[in-house]
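As structure tokens, the structure follows; a few thoughts come after it.
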Amino acid sequence: MKSHVSYVKVRYAETDQMGVVHHGNYAQYFEIARLDWLSALGISYKSMEENGVMLPVYELNTKFLKPAVFDDELKIEVRLKELPSVKITFEYLVFNQCEDLITKAYTTLVFMDSKTKKPIRCPQYILDKLK
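What follows is the structure, encoded as structure tokens:
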């Protein structure tokens, strides 16, 4: 499936008292990677929302293998798990600058009509970009 690589530099404010990236920051890292993935396909999330399509997170699963620390340069590989329907699922592999795999995760998001707040099928223009 379609994949993309994004990079994030760990900021000091993202670390906790133990000196490692607080687990809550990974959701933002994954969002950065997803938006970069969409952009690489030529899809603007802003224009999706302007056209009444939203993608709220339905599920987030993260496995932390090694810690990330301040000033690490993280490489985030995001991959579409399968062709989307009403849901779209992404897999993430996060590597540090030494190429150590430090985190594995997946998220499932749901296509939603912004007015009715009801699930909808993946827009055809997205499916067309994935072929």
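Its first residue numbered -12, the sequence shown is counted upward by one per residue in our numbering.
All residues carry an ideal CB built from backbone N, CA and C; glycine is no exception.
Subject >> Extent of the continuous alpha helix (DSSP H) run through Lys116 >> reply: The residue labelled residue 116 in the question sits at position 129 within the sequence shown. Here the alpha helix (DSSP H) through Lys116 covers 111 to 117.
Subject >> Simplified DSSP assignment, three categories, for Ser(-7) >> reply: Taking the first residue of the sequence shown as 1, we reach residue -7 at position 6. If DSSP states are grouped into helix, strand and coil, Ser(-7) belongs with the strands.
Original post:
Excluding sequence positions up to five away, which residues of its chain have a Cβ less than 8 Å from the Cβ of Val44?
Top reply: Locating residue 44 in the sequence shown gives position 57, where the first residue counts as 1. Cβ within range, chain order: Ala14, Thr94, Thr95, Leu96.
Subject >> Residues bridged to Phe77 [DSSP beta-bridge criterion] >> reply: Position 90 of the sequence shown, counted from the first residue, corresponds to residue 77. Partner(s): Leu67, Thr94.
**OP:** Could you spell out where the alpha helix (DSSP H) holding Asn12 opens and where it closes?
**Re:** For the purposes of this step, residue 12 is identified with residue 25 of the sequence shown, where counting begins at 1. Per DSSP, Asn12 belongs to the alpha helix (DSSP H) from 12 to 27.
**OP:** Please state whether DSSP places Glu86 in a helix, a strand or coil.
**Re:** As a position in the sequence shown, residue 86 is number 99, starting the count at 1. Glu86 falls in the coil class under three-state DSSP.
Subject >> Residue interval of the alpha helix (DSSP H) (run including Lys33) >> reply: Here residue 33 corresponds to residue number 46 of the sequence shown, with the count starting at 1. From DSSP, the alpha helix (DSSP H) with Lys33 extends over 32 to 37.
Original post:
Using a Cβ-Cβ cut-off of 8 Å (strictly less than) and excluding sequence neighbours within five positions of Tyr(-6), which residues of its own chain qualify?
Top reply: Reading the sequence shown from its first residue, position 7 is the one you call residue -6. Result list for Tyr(-6): Glu60, Leu61, Lys62, Ile63, in chain order.
Original post:
From Ile89 to Ile19, what does the alpha carbon distance come to, in whole angstroms?
Top reply: In the sequence shown, residue 89 corresponds to position 102, counting from 1. In the sequence shown, residue 19 corresponds to position 32, counting from 1. Their Cα atoms are separated by approximately 17 Å.
Subject >> Val56 and Tyr79 closer than 7 Å at C-beta >> reply: Locating residue 56 in the sequence shown gives position 69, where the first residue counts as 1. Locating residue 79 in the sequence shown gives position 92, where the first residue counts as 1. Cβ distance not < 7 Å, so Val56 and Tyr79 don't count as in contact.
Original post:
Mind checking whether Lys104 and Leu28 have CB atoms under 7 Å apart?
Top reply: Position 117 of the sequence shown, counting from 1, holds the residue named residue 104. Position 41 of the sequence shown, counting from 1, holds the residue named residue 28. Going by C-beta atoms, Lys104 is not nearer than 7 Å to Leu28.
Original post:
Which stretch, first to last residue, makes up the beta strand (DSSP E) that contains Lys102?
Top reply: For the purposes of this step, residue 102 is identified with residue 115 of the sequence shown, where counting begins at 1. First-last for Lys102: undefined, no H or E at that position.
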